[in-house]
Ligand code: IFM
């Protein structure tokens, strides 16, 4: 079986480098009857939104099978598990706390800690309660305040049993895919929507950070951002400018306000009516100190000029693609991390997601997923290379622990290192899980 290996003497072979696996609530939990509806329930119920017409009603039945899943996670030998909390499982519409829902996460956290597994919680991985969307969702500033109340309830209940709290997962996806392109819930389309949603998400992060600082001063608190390293399609000045704009619009739009309290220059190229309304003091709230930044990386983005002073993305080319059609470019991962390090005064970073979907098949009880092992091998080495160049990276989470609901693509794409047979809910460790486990067990010092 192919292996995952790192150079001898790599800092990533030290025991203090944290390895984990990651999931999110809507993608695995199921048990829709024990939480209030969220925007993804509504979105899935609309025609032509999800490739295979599925939804999150059952998913991986994790709410039912969580104890078995904890055993499986522990069996992998990971140091940490990154999960997200379903807002609508712990808060009721009237603002009161759903104690049963909270108890689910308290029990989960306790079980993980009892096995020596650090718990990395993400408070918002896209499942906004529908009643908040009915009041404007992320276009309504009040949602940011509601998020801070929710963060207060969760952090008071779970406290410092949680090693790390991330406020948001990938605000780019919530804002751009959900409110600007409309291919994710809630399916709104418009640049002004996308930009305003992004601003309120960042504001929500800042407001929640203040709450977390008070409630859990010893947990590591921060945010998780996704990046696709920006490349120019050609050496022409127009395309180089386009790549810079694409980079600012999709990547730096989220990190620059957090670390420097300003939006990137590309803001000036957006029409005035699409620019977000920014209230006095917002940028200071957004630019709270973070204990860490989580980086999610999957692929790069290649840009060219649209001929009118703006950018457009070139579809992925070449043969080295995942089942998502995403280019496999580990060098772009190193480039991203080193450039972030050179550009910003960064807190420590965790790679909070990295992985790939491939066309997996369960044959005679085995899933031989060599391409995924190769992906992990090359991308872990890319992280190692960034560390060698001075980037402070403290951990790595494989996306994902198990196959799950891949948003607009439903269950048609499999990202797990564990195969899920959705009919029986049987989990089977893929070869990539065995290779990951072997790497973790072989750490020397
Ligand atoms: O499945 C998603 C996850 O929810 C967020 N980051 C990207 C993954 C793969 O698309």
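In the numbering used here, the protein residues as written are 62 to 506.
The C-beta atom is built at its ideal place from N, Cα and C for all residues, glycine as well.
**Report entry** Closer than 7 Å: residue 440 CB and nearest ligand 2 heavy atom
**Finding:** The ligand content of the structure shown is limited to ligand 1, which means ligand 2 is not among them.
Query - Contact between the region 70-90 and the region 460-473 (3+ Cβ pairs under 8 Å) - result: yes
Query raised in the report: Would the beta-carbon of residue 214 fall within 8 Å of that of residue 337?
Result: no
Query - Nearest-angstrom Cβ-Cβ length linking residue 437 and residue 358, presumed shorter than 8 Å - result: No, residue 437 and residue 358 are not in contact; Cβ-Cβ is about 13 Å, not under 8 Å.
Query raised in the report: Going along the chain, which residues of its own chain have a beta-carbon closer than 6 Å to the beta-carbon of residue 312, five neighbours each way excluded?
Result: 288
Query raised in the report: If residue 457 sits next to residue 412, beta carbons under 8 Å apart, how far is it from one beta carbon to the other, in whole angstroms?
Result: 4 Å
Report task. Please state if the CB of residue 299 and the CB of residue 225 are separated by a distance shorter than 8 Å. Result -> no
**Report entry** Euclidean distance between Cα positions of residue 148 and residue 113
**Finding:** 25 Å
Query raised in the report: residue 102: buried (16+ other C-beta within 10 angstroms of its C-beta) or exposed?
Result: Of the other Cβ atoms in all chains shown, 16 or more fall within 10 Å of the Cβ of residue 102; this residue is therefore buried.
Requested in this report: Please state whether DSSP places residue 294 in a helix, a strand or coil.
Outcome: coil
**Report entry** Residue closest to residue 192, alpha-carbon to alpha-carbon, out of 401, 98, 105, 269
**Finding:** 98
**Report entry** Residue closest to residue 264, alpha-carbon to alpha-carbon, out of 229, 297, 159, 275
**Finding:** Looking at the Cα atoms, 229 is the closest of the given residues.
**Report entry** Selected residue, minimal CA-CA separation from residue 323, among 450, 309, 333
**Finding:** 309
Query - Whole-angstrom distance between residue 401 and residue 347, CA atom to CA atom - result: 19 Å
Requested in this report: Please specify which runs of the alpha helix (DSSP H), each continuous and at least 4 residues long, are wholly inside the region 196-275, giving them in chain order.
Outcome: 203-219
Requested in this report: Under 8 Å Cβ to Cβ from residue 248, same chain only, skipping five residues before and after it: list those, please.
Outcome: 104, 107, 110, 239
Query raised in the report: If you count every other CB in all the chains shown that lies within 10 Å of the CB of residue 219, and 16 or more means buried, which is it?
Result: buried
Query raised in the report: For residue 460, which three-state DSSP category applies?
Result: strand
Query raised in the report: Whose CA, out of 131, 137, 143, 134, lies closest to the CA of residue 415?
Result: Comparing Cα-Cα distances from residue 415 to each of 131, 137, 143, 134, the minimum goes to 143.
Requested in this report: Spatial neighbours of residue 127 within its chain, please: CB distance less than 7 Å, with the 5 preceding and 5 following residues excluded, ordered by chain position.
Outcome: 169
Query - Reference residue 432, options 408, 380, 394, 405, closest by Cα - result: Residue 432 has its Cα closest to that of 380, out of 408, 380, 394, 405.
Query raised in the report: Count the other CB atoms within 10 Å of the CB of residue 62; is the residue buried (16 or more) or exposed (fewer)?
Result: exposed
**Report entry** Where residue 77 falls, given that 16 or more other Cβ within 10 Å makes a residue buried
**Finding:** exposed
Requested in this report: For residue 118, I'd like the list of residues in its chain whose CB is within less than 7 Å of its CB, leaving aside the five on either flank, ordered along the chain.
Outcome: 91, 93
Query - Classification of residue 392 by the beta-carbon crowding that lies within 10 angstroms, buried from 16 upward - result: exposed
Query - Residues that DSSP places opposite residue 415 in a beta bridge - result: 459
Report task. Report, in whole angstroms, the separation of the C-beta atoms of residue 434 and residue 333, which I expect to be a contact under 8 Å. Result -> The Cβ separation is near 50 Å, so there is no contact.
Query raised in the report: Near residue 71, which residues of its chain fall below 7 Å by C-beta distance, leaving aside the five closest residues on each side in sequence?
Result: 445, listed in sequence order.
Query raised in the report: Excluding the five sequence neighbours on either side, which residues of its own chain have a C-beta within less than 7 Å of the C-beta of residue 65, listed in chain order?
Result: 434, 437, 438, 441, 496, 497, 500
Requested in this report: Leaving aside the five residues before and after residue 167 along the sequence, list all residues of the same chain whose C-beta is less than 7 Å from its C-beta, in chain order.
Outcome: 218, 219
Report task. Report, in whole angstroms, the separation of the C-beta atoms of residue 182 and residue 223, which I expect to be a contact under 8 Å. Result -> 5 Å
Query raised in the report: residue 373 lies in the beta strand (DSSP E); which residues open and close that run?
Result: 372-375
Query - Buried or exposed (CB count within 10 angstroms, at least 16 for buried), residue 275 - result: exposed
Requested in this report: Report whether the distance from the Cβ of residue 311 to the nearest heavy atom of ligand 1 is below 7 Å.
Outcome: Not so, every heavy atom of ligand 1 lies at least 7 Å from the Cβ.
Query raised in the report: Does DSSP classify residue 279 as helix, strand or coil?
Result: coil
Query raised in the report: Alpha carbon to alpha carbon, how far is residue 386 from residue 372?
Result: Distance between the alpha carbons of residue 386 and residue 372: 21 Å.
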